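Take a look at the structure set out below.
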Amino acid sequence: MKKINVEKKNCRDFHELQFELIEGENNQYNKGLDSACTVLCFETSYRLLIEREELTRELIEEILGTVSEYKINYHCGYEEIFEYVERYSYNFFYNTEQILIKDIKRTITSTFEKQKEIGNMLTSAIIIKPPETILLLNYNSKYVLFDSHSRLLYSGASFVVFKNENHCFQFLYSLLPFVDGLDDDIFQQQINCADIIFLTKANTSKKIKPDYTDLMKYILKREKRENEGNSKINHFNDQFLDEDYIDNEFEEHIRLVQVSARLNSSLESVLSSLNNVTINCNKCDQEIEKYITFNCSHKYCIPCLDNIKENCIVNNCGYELSVTE
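Heads up, the final residue of the sequence shown is numbered 325 in our numbering, and it's a clean run with no missing numbers.
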């Protein structure tokens, strides 16, 4: 059996690293934001790159308070955030890369340098390695790491500010260790992969209030679909699955509409066949429009009724008169 090696340093080994720690009072967990780390990284990017706010403990608490409106315990992807939160999609350009953990430093530093060359001194990299998301910014010639989780080094969400590039990535690799020695090479590659979303300020910016309502509705709908698919109870058409919520009254309405449609189709078929049928008097055999019928369904034209009293005379049927049409 192969030995599994995890390249991770304990926080006690960081005494030689030079950094400034700005620690908040709370983290995402004691604020009830267990699944919101990606949204928190987007909001932090917005506050620092768009609003150009200072790195303070108060800002951390404001960010946690803003994202507390994301009130569901389901993770969301960066594509969903961009599509459903205008605050971010309007103000940022983004591009993504999927890389191995070992390539994080090379990929991020290369992108940051390219942004500097075109005059963009403010860029953020959202690093997603499920189940965690961490933010790294090129901020005023410094590397700023934002981590909303609780760690051994800090219990509250924190900004960790580095002037030294190597110190920054040494610290980052301690949070996202590379796992080696797995028997399954494919699984090893998967477990050591990360997605990086690079955010840069759009050409025009606009102050937009944070609104996570559409995002939450979409995530709930997505989870509903997945749960229905997993339990094999998804019997609705795609047009009905596109609804956010389908309550009992709506389901009953759909059922009645479907029943009504089937009945109407059957009725139209019957009427169509009747239109091609002529009715003849059972006595004189003349085609008639108005007639009198008996319980036996024999029909008579009006002139033939002169010889009929109250009972049908066809083949001595004898049924009593019942309906006049």
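Each residue gets a CB set at the ideal place from its N, CA and C atoms; glycine is no exception. Source: prediction; values computed, not measured.
The beta carbons of Ser174 and Asn91 sit no closer together than 8 Å. Residue environment analysis places Thr56 among the exposed positions, since fewer than 16 neighbouring C-beta atoms fall within 10 angstroms of its C-beta. A distance below 7 Å between beta-carbons, with the five flanking residues on each side excluded, links Leu21 to the following residues of its chain, in chain order: Tyr154, Ser158 and Val160.
In this structure the region 211 to 220 does not touch the region 124 to 141; the number of beta carbon pairs closer than 8 Å is below three.
Here the alpha carbon of Ser89 sits roughly 18 Å from the alpha carbon of Ile127. Selection Lys129, Arg87 and Thr107 evaluated against Asn95 yields Thr107 as nearest (Cα-Cα). Cβ neighbours of Tyr143 within its own chain (closer than 6 Å, five residues either side excluded): Phe162 and Cys168. Under the Cβ criterion (8 Å, minimum of three pairs), the region 118 to 127 does not count as touching the region 58 to 67. Look at the beta carbons and you see the region 174 to 193 not touching the region 33 to 40: under three pairs across the two are nearer than 8 Å.
Secondary structure note for Thr109: its alpha helix (DSSP H) is the uninterrupted segment Ile104 to Glu117.
In chain order, Thr123 and Asn138 place their CB closer than 6 Å to the CB of Phe112, counting only its own chain and leaving out the 5 sequence neighbours on each side. Gln190 is bridged by DSSP to nothing; it lacks a bridge partner. Within the DSSP secondary-structure output, Gln98 pairs in a beta bridge with Asp195. One Cα belongs to Cys41, the other to Phe146, and the distance between them is close to 7 Å. In the displayed model, Ser158 falls within a strand according to three-state DSSP. Shown here for Arg47: same chain residues with a beta carbon closer than 8 Å to its own, the five before and five after excluded, namely Glu53, Leu59, Glu62 and Ile63 in chain order.
DSSP, read as helix, strand or coil, puts Glu58 in helix. In this structure Phe171 is buried. Its beta-carbon is surrounded by 16 or more other beta-carbon atoms within 10 angstroms. In the DSSP assignment, Val144 forms a beta bridge with Leu137 and Val161. Judged by their CB atoms, Tyr74 and Glu223 are nearer to each other than the 8 Å cut-off. The continuous alpha helix (DSSP H) containing Phe42 extends over residues Cys37 to Ser45. Closest option to Phe19, judged by alpha-carbon separation, among Glu165, Glu97 and Glu80: Glu165.
According to the DSSP assignment, Phe82 belongs to the alpha helix (DSSP H) that extends over Tyr78 to Tyr84.
Take Ala202, set aside five residues on each side of it, and the residues of its chain with a beta-carbon closer than 8 Å to its own are Tyr90, Asn91, Phe92 and Phe93, in chain order.
Looking at the DSSP output, Ser174 bridges to nothing. Remark: C-beta atoms of Lys102 and Ala194 do not approach each other more closely than 8 Å.
When beta bridges are read from the DSSP output, Ile127 appears opposite Ile134 and Ile196. The secondary-structure analysis by DSSP pairs Leu21 across a beta bridge with Val160.
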